[in-house]
Every structure is written in C-alpha cells, then in structure tokens.
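Its first residue numbered 682, the sequence shown is counted upward by one per residue in this note's numbering.
Comments concern the structure below.
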Amino acid sequence: MSDHALLRYCPDLLAYNRRKTREVLVGKVGIGGGNPIRVQSMITSDTRDTPACVAEVLQLAEAGCEIVRITAQTKIYAANLENIAREVRAAGCDVPLVADIHFKPDAALEAAKWVEKVRVNPGNYADKKKFEIREYSDEQYGEELERIREEFAPLVDLCKSLGRAMRIGTNHGSLSDRIMNRYGDSPLGMVESALEFARIAREMDYHNFVFSMKASNPKVMIEAYRLLVARLDQEGSDWNYPIHLGVTEAGDGEDGRIKSAIGIGSLLADGIGDTIRVSLTEDAVFEVPVAKALAAPFQEMADQPPAPALVPSYDPFSYVRRKTDALEVMGLKLGGENTVRVFTSQDKWNAVAHKIAKMGDFKPEIVVEKSDVIAIDPRDEAALAELNHSPTAKLVTVKDGLDLGVIPAFRMLAFRIDARHPILLKDTLSPATGESGDFVETLLVAARRIGSLLCDGIGDAILVQGEPAPGQSLRLSYNILQAAGTRIFKTDYVACPSCGRTLFNLQNTTQKIRSSTGHLKGVRIAVMGCIVNGPGEMADADFGYVGGAPGKINLYVGKQPVKFNIPEDEAVERLIDLIREHGKWIDAPSGEPVEV
C-alpha cells in the first residue's frame, strides 16, 4: 500500500469518472465544464509567412481541429499574428488561435493582442536554463518568485482585460534551474513549476487558464498529470481548472501513435483531460484523426458508480514494477526481474511457424494455450481465495467475456491477488475473429489499455488478441512494450513535431537518421528542431541532433552539447561518428528480418 500523502486525491482507478472542472473559454470554444474533449494541433509554417499559415490553419479546421496553435518566438513573429488572424476570420473560419511562447515575455504581450489564447512555459518564460547547480535559501527562493511575478503579471493583466485564455504548460524538458535544484527533474518539479504561475494568476483574480504537464516519456507524463490533479484537489475545490494532455516528441508512424495512445489514452481512461494534442513528426493534419480517435471512446461515456473500496497495490504517483515470483513457461522465464514476455495464440503461432527463425525481434515467445495461465473473474471471491492459497505462484489473467473494462479489470486483479502471482495482460476481453478491421484503431485501443497497465507497473507478459493478423499482432505487441519503456528491442527515437521554430526539415531528417541508425538496439536518439525542449528532453537520450541555427546542427551526448554548428548536409554522418566515439555503434546486419 502506498503511504503517499496525496493518495486519497487520486482518481478512482477502478471506475470511470471524468474529472469535473470549470469551463475556460478560448474564443467561442469551451474547454472543460460540460464540453466534449477538444482536439488541438499546431501549424508548422513560419509565422512570418501569412499565406502559408492561413492555409494551414484552414486545412486543420477543415480536418476537425478545434483549436490551432502557432509559434511566436519573438515580438516580430508575434506581431504577424494580427495578419494571420485577420485573414483566417476573413475566410469565414472562427477556430480559436493560440500563440506558443517560450523565453520571450514581450512576444507574449504582443501575441495576446491578436489571438484568443496564449501558451506560456513556466520553465522558460522568465528563466534562462543554464543547468546550474545552486542551493536556494527560502529567502532567495522567495526573491526568485517575486522576480517571476514582475515578469508574468503584465501578461495576466492583459489577458484579463482582453478576455484571453492562457495555458500554463510545463514541459519535462525545460524546467527552470530553480525548480531543478529544489525538486529535481521530476513530476513533482513539473507540478510545482506550474503552480507558481497559477498562484500569481489567482492572486490577480484571473482564472481563464488550463494546465498541461507534457513529457516524451509516457511514465513521467502519466505520473505528472496524476500528481497535478491530486495537488489541485488538495488545494481546494475552486482549483478545478481544465487539463490539456499531450506527449511531447512522440515521433512518427506507428511508434508515435502508440506512444501518444499510452500517454494520452490512459489518462483519458482515468477521467483526466479536457483537451488533447497528438504531437507527430508528420504534417500537422495527420495529428487530427489520431486525436479524434483517442478522444472518441470518452466523448459520451457516462460516469460509473464508485468501485468497491480496494487498496491499490502500487503508488500511482511513482512507477515501480509489481514484484512477482519468477516462473518458467515453455522454457522462458517470466515474472520477477525478467523481461515482459510476448504471448500469442496457437493459431497465430502456427501461421508464422515456418518463418519464426527469420522474424528478428518480432517473433512470438509463448503460446497462451500451452502456458497453464489461470483465467479468472477478479470479482470471484472463491477463485481469488483458491489462487491466493496456492503454495506456488501461478500465471494469472482476466477471463474473456466479462462485463468489465480492460484497464479496471486488470487493476482489480492486481489489487486482489497476492503480488507473487505474475499477470498476463490482454488488450481486449473479446478476441477478434474474422478479417482484420481498422489496424490504426486496433493499435490505439491496444496501446491505451496495455500501455496504461504497464505504466502502472502491472504486467509480466502481454497478449494482443484484438488484431487477428498474426504478424501485425506481434509487431504491435513489441512496439507497445518499446513505447512504454518496458522492453527496448530497437533504436528508440524522441522526435518532436515540426513547428514554426524548426530549423530543418524534421520529417526528412528523422527518416534519414532512422534509416542509418535503426539497427542500434537499445540506443535512444533525440531529433529536435530547436532548443526549446531539446536539452531537457534529451536527458533521457543517449545522443541528440538539434537545430542550432538555420542550416546548422548541434550534436549532444545526453543533455550536453559536444559538437556545434555542423552543416546540415554533414550532420547525420557526424552523428554516426559520435555514436562510434562512445562505443555504441555496430554495423548493420547484412540480412534483413522477414516482414511480419
């Protein structure tokens, strides 16, 4: 049982109840309150290019995007928001516009004149990150807060007078040195950074704002949002501000969609989140259908009665893998400290048996029908008692066909069985039959359900049974494990979405880096268009490729820059040289694995 002081403020982990918030108006669009979950995106055009920006805003609005963000990196860029807004409205489009601000309070003050909402990052609005180690006395810390107030109060005043909304958006990659030195690079630091700014706004009787806690690591993101909600509830019932969800630098393709589904989808399933943005390293218009698909299951979902009072077997604010006994199944170890295993059905195993030796990292490991797994209803007292009285640990899963949601069902199972019993997770309790349906939809659902549980620390093996195609179900299984940070079997990429700050073509560069380094199993590479979040988000990466100036690239080892102003056409080769220098390069294998 967790003794965390905020545990009683945690969302109900066994029953869906959407968090009740006040409404925040962004132009004519309401966030929170009784409104649906709103879908956002961000344009990638240079903010000084009015026609390009207007065209992209209109394209996003046509695709169903309800709020559009535009970067405003300086006052000069922010001033052109007047022209963009005028032309968008002249085209008959009333989608609210949001200015994205980093480092420049004067840009925020200019932008607030022209757009319906301003996003500020507490980590860099009034601070320049230097990665300095310094001890702050309480008096010095108070002086820092007063300095922040002097910088932030004028924007609050202006937004209040003009009826503008605001997002106080913390990013894991850009916490201030002050926060880092007092709270560390942690979810708690992210929350406290946002609360510093929120308290100033509230003291000035300004309440038209939302929060966000974004990170590229879904575990960090989930913990930060849960902690934020718990802290807001602890502060009082009038701290019921809406929440914006997003996973930063999610990447592209299936990987980006899976990582987004784990982070965003799992929080929506917990009833947290009033507006979302899926950040893909692709054209912005492709983000919208993914975000709409993630939100769709919860748009009309009714609140559920509170679940029976059960003691969580883990701390929802701090990731720790559930401790179980180790078992051997089909010659492989699972549970305990062993890697999370990939199961499949006998039929699927038979379908790929002729090529398993050539399937590389996507091969099946254990057949569920041969695993002696015990499937039970987590509400069945007799079955639970029999299992918990067993002298030896057993592999356990939730029985198919139950009238329970997958996530609460497996949480209930984890709460009610002895910790020594390993758990086999499943993406659905209704196995698919017949032909494959919409694979992206299956992907998003499986990632949300299995990924959420893995980020809770629950699960020693996984079985994707919602996708009938054998190869696709196996690929999906491994990609979920990778995105959740549970089992790293290939190169891991942290790639930000394009925006107007980007200093090179992110999509082409990411693909070029991926094609050159995709065989480096376990190496994590960050590809960042600019320095806004780069150094901080790259703290988890081994190497970083960051836009430093137009046509120039800086290379990082961890969060430390080591090579500067490299011409863009040489930078990928120089990155490979850097990986070699640090002993993490291997030559690509000559044979390619069989496609699955």
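Beta carbons: idealized from backbone N, C-alpha and C, even for Gly.
Small disclaimer: the values here were computed from a predicted structure and weren't measured.
Check, Outcome
"Residue 1171 beta carbon less than 8 Å from that of residue 1199", "yes"
"Assigned secondary structure, residue 950 (DSSP; H/G/I helix, E/B strand, else coil)", "helix"
"Residue 624 versus residue 1240: straight-line alpha-carbon distance, rounded", "The shown model of the chain, from 682 to 1277, leaves out residue 624, and the question about it has no answer."
"Reduced DSSP secondary structure (H/G/I, E/B, other) of residue 893", "strand"
"Integer-rounded CB distance, given that residue 764 should sit under 8 Å from residue 725", "Contact flag wrong, Cβ pair sits at about 18 Å."
"Environment of residue 743 [buried if 16+ CB atoms lie within 10 Å]", "exposed"
"Secondary structure of residue 748, DSSP reduced to three states", "strand"
"Under the three-state DSSP convention, the category residue 1277 falls into", "Residue placement at residue 1277 is poorly supported in this model, since its pLDDT is 39, which falls under 50; the coordinates still yield a value, given next. Coil at residue 1277, not helix or strand."
"Reduced DSSP secondary structure (H/G/I, E/B, other) of residue 1087", "helix"
"Cβ pair count under 8 Å reaching 3, the segment 921 to 936 against the segment 958 to 974", "yes"
"Whole beta strand (DSSP E) elements within the segment 856 to 911, 3-residue minimum", "890 to 895"
"Rounded distance between the beta-carbons of residue 1206 and residue 1174, thought under 8 Å", "6 Å"
"Delimiting residues of the alpha helix (DSSP H) encompassing residue 1027", "1027 to 1033"
"Cutoff 7 Å; reference residue 1013; Cβ partners in own chain excluding five residues on either side", "1022, 1046 and 1047"
"Separation of residue 985 from residue 698, as counted between CA atoms", "6 Å"
"Identified DSSP bridge partners for residue 800", "781 and 848"
"Classification of residue 1102 by the beta-carbon crowding that lies within 10 angstroms, buried from 16 upward", "buried"
"Assigned secondary structure, residue 1224 (DSSP; H/G/I helix, E/B strand, else coil)", "strand"
"The segment 1220 to 1232 contacting the segment 1247 to 1256, beta-carbon criterion three pairs below 8 Å", "yes"
"Limits of the beta strand (DSSP E) - the one that residue 719 falls within", "719 to 723"
"Cβ neighbours of residue 776 in the same chain (closer than 6 Å, five flanking residues each side left out)", "742 and 749"
"Sufficient close CB pairs (3 or more, under 8 Å) joining the segment 972 to 979 to the segment 902 to 915", "no"
"Which of helix, strand or coil DSSP assigns to residue 708", "coil"
"Residue from 1163, 1042 and 951 whose Cα sits closest to the Cα of residue 898", "1163"
"Cβ neighbour criterion (16 or more within 10 Å) applied to residue 759", "buried"
"The segment 1108 to 1121 contacting the segment 1093 to 1100, beta-carbon criterion three pairs below 8 Å", "no"
"For residue 958, the nearest candidate out of 799, 721 and 844 (CA to CA)", "721"
"DSSP state of residue 693 mapped onto helix, strand, coil", "coil"
"CB contact flag (residue 910, residue 953, <8 Å)", "yes"
"Residue closest to residue 1156, alpha-carbon to alpha-carbon, out of 1234, 708 and 1029", "1029"
"Residue 783 beta carbon less than 8 Å from that of residue 821", "no"
"Selection from 761, 875, 794 and 1015 that minimises the alpha carbon distance to residue 1338", "Only positions 682 to 1277 of the chain appear in the structure, and residue 1338 is not among them; the question remains open."
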